[in-house]
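*Asks:* Okay, here's the structure, questions in a sec.
Residue numbers (the working numbering): 1010 to 1401.
As structure tokens, this is what we get:
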């Protein structure tokens, strides 16, 4: 007699092969964040690439967004909804330092791996939360390239530190204070401000102590709107200092567009720029520019790379359990258009990627890399009225 057909095994095999249930990745998305639209476009471009390459073991990836509003309570709710209501197996994002630490805490409570792509608050990867990983440098790492530029090129003798008083701004300001004290640079003034109050009269009042005796450098840690307002007022007040931004709003395409001539020769720290030599960076930039009409800055590169890293980990994970995903993330070692990604422990950080940073300068309406020298697309151009206009 003929052997019976193994119906059960065949059905199970067919079901397994045909499983097209989406793998849900949750994105806490602060819709009013200056870079939100840029980053969402980057997530969607990465999603297209991931699914074109077969998704996660044949299953498509689905992104689900929740508006975290840049606020602690709303951020915690966004994470809870993404996990409990939307079934996210992993979380990617975290734009604003104002609430990312709270979102990380909720992800830890719910035992869901969270790959932070942008928020810079140092504490995010210092709190021993086993589910929290970060692809971007912490706030204290933003200025490493800038510090090298200061010491090797302009050698400032005095500085004023102007910063918006969120965790992001405060962290960046503290790092610069430590650097100046370690290197004998006189800190003339430390000027915090509320970025919600960026009207002309308020900013002039903040900056007025710098008019009589301008420092060599004014270092600003600002988001987009306040970065534009600060530079405009400094120019209008004729404060003849070298203007330097701590990344943030100074790398946004709208900074040059809206600040106009006032942006010329402003320097800024950055975490990335399109002329870096990482594999895939040219293709990524071309795809983004074709889709959006402008060249992306580091925020978009972070988002794009973070989703690629998440997909890479999910593909390598033994299962979609939090434990398996964490094990895969721990072993991550890949090159993305944003740069190399490896999660390690150093100083007080855990599960933190570690990347070099650069210095850009607005020259003739475009951002050019001026440091480090081996990556530079231009030489530093001192403002003609600045005390170091003869610097080489």
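Even for Gly, the Cβ is constructed at its ideal location relative to N, Cα and C.
Which whole-angstrom value is the C-beta distance of residue 1140 and residue 1335, which I expect to be below 8 angstroms?
*Replies:* Position 131 of the chain shown, counted from the first residue, corresponds to residue 1140. Position 326 of the chain shown, counted from the first residue, corresponds to residue 1335. That belief holds up - the Cβ atoms of residue 1140 and residue 1335 are roughly 7 angstroms apart, short of 8 angstroms.
*Asks:* What are the residues that DSSP puts in a beta bridge with residue 1380?
*Replies:* Your numbering for residue 1380 matches position 371 in the chain shown. In the DSSP output, where bridge partners are listed per residue, residue 1380 has 1368.
*Asks:* Can you give me the Cβ contacts of residue 1134 inside the same chain, cut-off strictly under 7 angstroms, excluding the 5 residues immediately before and after it?
*Replies:* Translated into positions along the chain shown, residue 1134 becomes position 125. So the list reads 1141, 1143, 1147, 1358, 1359, 1360, 1361, once near-sequence residues are dropped.
*Asks:* Going by C-alpha distance, which of 1353, 1330, 1347 is nearest residue 1341?
*Replies:* As a first step, residue 1341 must be located in the chain shown, where it is residue number 332. It is 1353.
*Asks:* Assign residue 1035 to one of three DSSP states: helix, strand, or coil.
*Replies:* Counting from one through the chain shown, the residue named residue 1035 turns up at place 26. Looking at residue 1035 - three-state DSSP - the assignment turns out to be strand.
*Asks:* Taking 7 angstroms as the limit between beta carbons, can you name the residues of its chain near residue 1243, skipping five residues before and five after?
*Replies:* Walking along the chain shown from the start, residue 1243 turns up at place 234. Closer than 7 angstroms at the Cβ level, and outside the excluded window around residue 1243, lie 1216, 1227, 1252.
*Asks:* For a test of the three-state rule: what should DSSP assign to residue 1181, helix, strand or coil?
*Replies:* The residue given as residue 1181 occupies position 172 in the chain shown. Three-state DSSP puts residue 1181 in a helix.
*Asks:* Leaving out five residues on either side along the sequence, give the residues of the same chain with a beta carbon under 8 angstroms from the beta carbon of residue 1080.
*Replies:* Residue numbering aside, residue 1080 sits at position 71 when the chain shown is read from its first letter. Within the same chain, residue 1080 has close Cβ partners 1107, 1108.
*Asks:* Could you pull out every unbroken alpha helix (DSSP H) segment of at least 4 residues lying fully inside the stretch 1179-1263, listed in chain order?
*Replies:* Entirely contained in the stretch 1179-1263, the alpha helix (DSSP H) runs reaching 4 residues are, in chain order, 1209-1216, 1233-1245.
*Asks:* Given 8 angstroms as the limit, is there contact between the stretch 1191-1208 and the stretch 1232-1241, that is, 3 or more CB pairs closer than that?
*Replies:* With the cut-off at 8 angstroms, the stretch 1191-1208 and the stretch 1232-1241 touch.
*Asks:* Report the option in 1028, 1030, 1053, 1043 whose CA atom is closest to the CA atom of residue 1036.
*Replies:* To locate residue 1036, count along the chain shown from 1; it is residue 27. For the residues 1028, 1030, 1053, 1043, the minimum Cα distance to residue 1036 belongs to 1053.
*Asks:* Assess, as a yes-or-no matter, whether the stretch 1218-1225 is touched by the stretch 1189-1204 under the definition of 3 or more beta carbon pairs within less than 8 angstroms.
*Replies:* Yes, they touch.
*Asks:* First and last residue of the beta strand (DSSP E) that includes residue 1071?
*Replies:* For the purposes of this step, residue 1071 is taken as residue 62 along the chain shown, with counting starting at 1. Residues 1070-1075.
*Asks:* Count the CB pairs spanning the stretch 1374-1382 and the stretch 1264-1279 that are closer than 8 angstroms, and state whether there are at least three.
*Replies:* Contact holds: three or more Cβ-Cβ distances are below 8 angstroms.
*Asks:* How would you call residue 1154, buried or exposed, if buried means at least 16 neighbouring beta carbons within 10 angstroms?
*Replies:* Taking the first residue of the chain shown as 1, we reach residue 1154 at position 145. Buried, by the Cβ-count rule.
*Asks:* Apart from the five residues just before and just after residue 1020, which ones in its own chain have a Cβ nearer than 8 angstroms to its Cβ?
*Replies:* Looking up residue 1020 in the chain shown gives position 11. Note on residue 1020: pLDDT 44, under 50, position unreliable in the model; the coordinate value appears next. Taken in chain order, the list of residues that qualify is empty.
*Asks:* Please report the straight-line C-alpha distance between residue 1311 and residue 1055, rounded to a whole angstrom.
*Replies:* As a working note, residue 1311 is residue 302 in the chain shown. As a working note, residue 1055 is residue 46 in the chain shown. Cα to Cα, residue 1311 sits roughly 11 angstroms from residue 1055.
*Asks:* When you compare only the Cα positions, how much space is there between residue 1212 and residue 1127?
*Replies:* Locating residue 1212 in the chain shown gives position 203, where the first residue counts as 1. Locating residue 1127 in the chain shown gives position 118, where the first residue counts as 1. Near 27 angstroms, if we compare the C-alpha coordinates of residue 1127 and residue 1212.
*Asks:* Keeping to the same chain, check which residues put their C-beta closer than 8 angstroms to that of residue 1160; ignore five residues upstream and five downstream.
*Replies:* On the chain shown, position 151 is the one that residue 1160 refers to. 1192.
*Asks:* Keeping to the same chain, check which residues put their C-beta closer than 8 angstroms to that of residue 1068; ignore five residues upstream and five downstream.
*Replies:* Here residue 1068 refers to the residue found at position 59 of the chain shown. The answer, listed in chain order, is 1028, 1029, 1030, 1031, 1032.
*Asks:* Take residue 1288 as the anchor and find which of 1339, 1156, 1349 has the nearest alpha-carbon.
*Replies:* Residue numbering aside, residue 1288 sits at position 279 when the chain shown is read from its first letter. Residue 1288 has its Cα closest to that of 1349, out of 1339, 1156, 1349.
*Asks:* With a CB to CB cut of under 6 angstroms and the five nearest residues on each side skipped, what residues in its chain are close to residue 1225?
*Replies:* Stepping through the chain shown from its first residue, residue 1225 is reached at position 216. Within the same chain, residue 1225 has close Cβ partners 1165, 1166, 1167.
*Asks:* Measure from the alpha carbon of residue 1276 to the alpha carbon of each residue in 1101, 1099, 1392, 1150, then state which is nearest.
*Replies:* Locating residue 1276 in the chain shown gives position 267, where the first residue counts as 1. Taking only the C-alpha atoms, the option nearest residue 1276 is 1392.
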